[in-house]
Amino acid sequence: MTASERREQLLDVGRAVFAEKGFDAVSVEELAQRAGVTKPVVYEHFGGKEGIYAVIVDREMRTLLERMTTALAAGGSRARVEAAADEFLAYIEETPDGFRVLLRDTPLVTGAGTTWGSVIGNIADQVDRLLASELDARGFDRKLAPLYSRAVIGLIANVGQWWLETGEPSRPEVAAHIVNIVWNGLEGLEETPQLATR
23 MTASERREQL LDVGRAVFAE KGFDAVSVEE LAQRAGVTKP VVYEHFGGKE GIYAVIVDRE
83 MRTLLERMTT ALAAGGSRAR VEAAADEFLA YIEETPDGFR VLLRDTPLVT GAGTTWGSVI
143 GNIADQVDRL LASELDARGF DRKLAPLYSR AVIGLIANVG QWWLETGEPS RPEVAAHIVN
203 IVWNGLEGLE ETPQLATR
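In the numbering used here, the protein residues as written are 23 to 220.
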């Protein structure tokens, strides 16, 4: 195996083990054993479990962010909401271990200090622009776009987490229900909502 092939193998093994057990429960010895190598090989490539974990987290966050950026890039507002919901679910379906790694309590070992919250925030920042134009079109205060974008992204992420564990219904059906609540919720948005119990 070449050095780059070994590195990729270690990353694949690491992703699976960290998804299964979490960062704290994994040792370099276990990573090496599961990869069929000695501990020095892991140290040589990554300097320890922190190094391999940081690369895995950075890659997964970058992949998810790139996919969501592409999904939100073109089309009308509803088409972008549909594309974003479906793309988020596609990421979960195609890389469930990567998503599980991102959801776990991530120690701050990544080079950029990236966390799950910062990725969700970055995606929400992109949704801000979409929602700001929707709020403008309805005559609402565009300053509320960050609040609504985080609500939308949080909804998609939480439904995605539930769907990963249940595996049902199908991805298109889950995406359609997410879009239904988001889009129809936006359609019925009140300009100055108030709690009914106050």
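The beta-carbon is built from N, C-alpha and C at its ideal position, and this holds for glycine as well.
Worksheet item: For Ala107 versus Ile200, is the C-beta distance shorter than 9 Å?
Response: yes
Worksheet entry | Where Glu212 falls: helix, strand or coil (DSSP) | coil
Discussion item. Here's a check: name, in chain order, each residue in its chain whose Cβ is nearer than 8 Å to the Cβ of Ile142, leaving out the five neighbours to either side.
Written reply: Arg172, Ile175, Gly176, Ala179
Worksheet item: Phe40 and Val48: beta carbons closer than 9 Å?
Response: yes
Practice prompt. Measuring alpha carbon to alpha carbon, tell me which of Val79, Glu30, Ala198 ends up nearest Asp119.
Written response: Val79
Discussion item. Can you find the residues in the same chain that come closer than 6 Å, C-beta to C-beta, to Pro168, ignoring five residues on each side of it along the sequence?
Written reply: Asp150
Worksheet item: Mind pulling the alpha helix (DSSP H) runs of 4 or more residues that sit fully within the segment 140 to 197?
Response: 167 to 188
Worksheet item: Would you say the segment 212 to 219 touches the segment 110 to 117, given that touching needs at least three Cβ pairs under 8 Å?
Response: no
Discussion item. Suppose contacts are defined by Cβ-Cβ distances below 9 Å. Is Leu86 in contact with Tyr113 by that definition?
Written reply: yes
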